[in-house]
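Residue numbering for the sequence shown follows our numbering, starting at 35 and increasing by one per position. The structure appears below as structure tokens.
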Amino acid sequence: MGSRSLNHMIFAGVYPHYINKAEKKNRTKAEVDEIICWLTGYTLENLQNQIDTKIDFETFFEQAPQLNKNASKITGVICGYRIEEIEDPLMKKVRYLDKLIDELAKGKAMEKILRK
């Protein structure tokens, strides 16, 4: 999936899938929200506002208060892509989020997911 298609993908349309993936593995919506807020700098209130306004991924990340300074510590392969090798900035941010949700679903401790 190129970033061109990501530009128009609505964050609110994908968000329930993140929650579903986590809940299938006995994790919670609160943990998903914590991960998203950690990565983007959004507050829970601002995150909900972004979901309610149905913005696309590009706008979601453009309006994010600040990408977490430890985001570069998110490495590995997700959806067939090695995160460290992704050059497109939007695609990299989306894959960071995908990787964090994947780690949550795989039972990793929140402390490790949040790179503490």
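C-beta atoms are modelled at their ideal positions from N, C-alpha and C, and glycine is treated no differently. Fair warning: this is a prediction, and the values are worked out from it, not measured in the lab.
TODO: With a cut-off of 8 Å on the beta carbons, I'd call residue 45 and residue 85 a contact; round off their distance for me.
DONE: Locating residue 45 in the sequence shown gives position 11, where the first residue counts as 1. Locating residue 85 in the sequence shown gives position 51, where the first residue counts as 1. Their Cβ separation, rounded to whole angstroms, is 7 Å, which keeps residue 45 and residue 85 in contact under 8 Å.
Task: Burial state of residue 145 (16 or more Cβ within 10 Å) - done: Along the sequence shown, read from residue 1 onward, the residue named residue 145 stands at position 111. So residue 145 ends up on the exposed side.
Open item on the list: Let's test the definition: count the other Cβ atoms within 10 Å of the Cβ of residue 74 and tell me whether it reaches 16, buried, or not, exposed.
Closed with: Here residue 74 refers to the residue found at position 40 of the sequence shown. It counts as buried.
Open item on the list: For the stretch 108-120 against the stretch 44-58, do three or more pairs of beta-carbon atoms, one drawn from each stretch, fall closer than 8 Å, so that the two count as touching?
Closed with: Taking 8 Å as the limit for Cβ pairs, the verdict is that the stretch 44-58 does not touch the stretch 108-120.
- [ ] Report all residues from its chain with a CB closer than 6 Å to the CB of residue 59; omit the five preceding and five following residues, and keep chain order.
- [x] Counted from its first residue, the sequence shown places residue 59 at position 25. Within the same chain, Cβ atoms closer than 6 Å to the Cβ of residue 59 are found at 139, the five residues on either side in sequence being excluded.
TODO: Measure from the alpha carbon of residue 151 to the alpha carbon of each residue in 147, 79, 92, then state which is nearest.
DONE: Nothing about residue 151 can be reported from this structure: the residues present for the chain run from 35 to 150 only.
Task: residue 143 classed as buried or exposed, judged by whether at least 16 other C-beta atoms fall within 10 angstroms - done: Numbered from its first residue, the sequence shown carries residue 143 at position 109. Residue environment for residue 143: exposed (fewer than 16 other C-beta atoms within 10 angstroms of its C-beta).
- [ ] Take the Cβ of residue 150 as the centre, count every other Cβ of all protein chains shown within 10 Å, and call the residue buried at 16 or more, exposed below.
- [x] Your numbering for residue 150 matches position 116 in the sequence shown. Residue 150 comes out exposed.
Task: As assigned by DSSP and simplified to three states, the class of residue 112 - done: As a position in the sequence shown, residue 112 is number 78, starting the count at 1. If DSSP states are grouped into helix, strand and coil, residue 112 belongs with the strands.
Open item on the list: Taking DSSP's pairing of strands, which residues face residue 90 in a bridge?
Closed with: Numbered from 1 along the sequence shown, position 56 holds the residue referred to as residue 90. Beta-bridge partners assigned by DSSP to residue 90: 44.
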